[in-house]
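**Student:** Below is the structure I would like to discuss, written out as structure tokens.
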Amino acid sequence: MSQVDRTKEQFTPEERRARLRAFADRMLTCAEKLPDPDTLLDIERAVRVGDRIERLYARVDASAAKAAKAKLEVYQHSDALQRAKDDAVRQAEHIALCKRREKMRDDEMLRNEPKLARKLIEQRTGRPLEDYLAMRRAEANVSMTEDGPLTSPLPEGEGDP
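Numbering of the sequence shown is given in full-length UniProt numbering, commencing with residue 1 and proceeding in unit increments.
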């Protein structure tokens, strides 16, 4: 295999780390087989070889730590996004429930005490009762045509004081 063929190979970061660690392991095995240095030049050479091997291991370890940190950050980010989505869904469900309860209370109050209901609804909505009831009927018609009835619509004429 020529040098050109080797450089064309594409490895994932994990594969590169594994190959680099394997290379450092082979270098360490070969360095252990070397005879003990006798001269100052042999000692200097052994120290340089040991330093290079140590740098390879440090590089692999740093790369692995950086990859683990990046994975953790991605996980934390996606987890935070999911929690935010869940919170938004819960909040929307709560708001819808409150609106349904409010409409049910309005319906009950309109049946039992229409004059008081008119005052309270007009104060709360800031519009005349007739406009409020027309808006409710329009919402009920829209919800019935889309997915089926979500709320119980007021029958015509009911609730008008």
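Where is the CB? At the ideal position from N, CA and C, for every residue including glycine. Please read these numbers as outputs of a predicted model, since none were measured by experiment.
Glu113 lies in the alpha helix (DSSP H); which residues open and close that run?
**Tutor:** From DSSP, Glu113 is part of no alpha helix (DSSP H); its letter is neither H nor E.
**Student:** What's the call for Arg118, buried or exposed, on a 16-neighbour Cβ count within 10 Å?
**Tutor:** Classification of Arg118: buried, given that the 10 Å Cβ count is 16 or more.
**Student:** So does the region 19-34 actually touch the region 47-64, counting three or more Cβ pairs closer than 8 Å?
**Tutor:** In short, these stretches touch, since the Cβ pair count reaches three.
**Student:** For the alpha helix (DSSP H) holding Leu34, just list the boundary residues, first then last.
**Tutor:** Taken as a continuous stretch (DSSP letters only), Leu34 belongs to no alpha helix (DSSP H), as it is neither H nor E.
**Student:** Between the alpha carbons of residue 218 and Arg137, how many angstroms are there, rounded?
**Tutor:** The first residue shown for the chain is 1 and the last is 161, placing residue 218 beyond what the model contains.
**Student:** Going by other Cβ atoms of all chains shown within 10 Å of its Cβ, with 16 needed for buried, is Ala24 buried or exposed?
**Tutor:** It counts as buried.
**Student:** Answer yes or no: do Asp131 and Ile121 have a C-beta to C-beta separation smaller than 8 Å?
**Tutor:** No, the Cβ-Cβ distance between Asp131 and Ile121 is not below 8 Å.
**Student:** Are the beta-carbon atoms belonging to Ala46 and Leu28 less than 8 Å from one another?
**Tutor:** The answer is no: Cβ separation not under 8 Å.
**Student:** Where does Glu9 sit, in a helix, a strand or coil, going by DSSP?
**Tutor:** In this structure, Glu9 counts as coil in the three-state DSSP scheme.
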